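A short write-up of the structure that comes next.
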Amino acid sequence: MTGATWGLGTILGPIVGGAFTDSAAGWRWAFYINLPMGAITIPILAILIPSFDLQKGKTIRERVAQIDWIGSILFVGAIVSLVVAIALGGNEFAWNSTQIIGLFIVFGCLFMDVLIQVSFSPFSFSVKRCICHIRLSNGGSSQSTYSFCVLPY
């Protein structure tokens with residue numbers, strides 16, 4: 001079902017968007033059309049998708065205490081510096097300017113800190129803290145992939 005929806009959206013999205021752009025309605029209606037669809041879909045999904053609790057018996061406070069906030073903040077800082085460097089490089093500043101090189105250096109340093117924090121948790125007081133509880137493999141190298149998820153299970 002997901003594949004069919006994805007395929008249909010991939011084919012029909014540009015066609016419908018192009019039709020809206022060329023019509024008197026304007027290109028904004030390509031985005032406005034999603035509002036009623038979302039208003040219909042969200043309640044249906046809220047009813048049909050079953051809720052499950054992987055941490056039964058734990059309060060919200062205990063769950064939030066397990067999040068590696070330092071690792072998450074370091075990851076957000078790294079990604080923001082990378083995005084800003086890519087967005088401003090070649091437009092506002094030359095690629096070899098000190099601002100862009102500095103942003104790439106900040107990204108590299110923060111991302112290394114993220115990898116260290118996720119792998120060894122030197123800034124966390126508890127072993128239970130994590131960025132994500134999903135185990136992708138048993139190897140230690142998979143620790144870096146945890147940084148793509150912020151919510152605990």
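For the sequence shown, the working numbering gives the first residue as 1, with consecutive numbering after it. Every residue gets a Cβ at the ideal spot worked out from N, C-alpha and C, and that includes glycine. Predicted model, so just to flag it, every value in this text is computed and none were measured.
| Asked | Found |
| --- | --- |
| Contact set for Phe107: own chain, Cβ-Cβ below 7 Å, skip 5 residues either direction | Ala78, Ser81, Leu82 and Ala85 |
| Given Asp113 as reference, the closest of Ala39, Leu88, Gly90 and Ile73 once Cα atoms are compared | Ile73 |
| Gly71 and Gln117 closer than 9 Å at C-beta | yes |
| Local Cβ density within 10 Å of Phe154, reported as buried at 16 or more and exposed below that | Not covered by the structure: residue 154. The range shown for the chain is 1 to 153. |
| Own chain, CB closer than 8 Å to Trp95, minus 5 neighbours either side, in chain order | Gly89 |
| Start-end ranges of the alpha helix (DSSP H) lying completely within the region 18-70, minimum 4 residues | 29-32, 34-48 and 60-65 |
| Whole-number beta carbon distance between Gly38 and Ala30, since they are thought to touch under 8 Å | Not really, about 14 Å apart at Cβ, beyond 8 Å. |
| Pick from Ile44, Gln66, Trp27 and Asn34 that is closest to Ser121, judged by C-alpha positions | Gln66 |
| Distance between Ile33 and Ser51 (C-alpha atoms, nearest Å) | 29 Å |
| Distance, Trp27 Cα to Ile105 Cα | 39 Å |
| Bridge partners - Gly89, DSSP secondary structure assignment | Phe93 |
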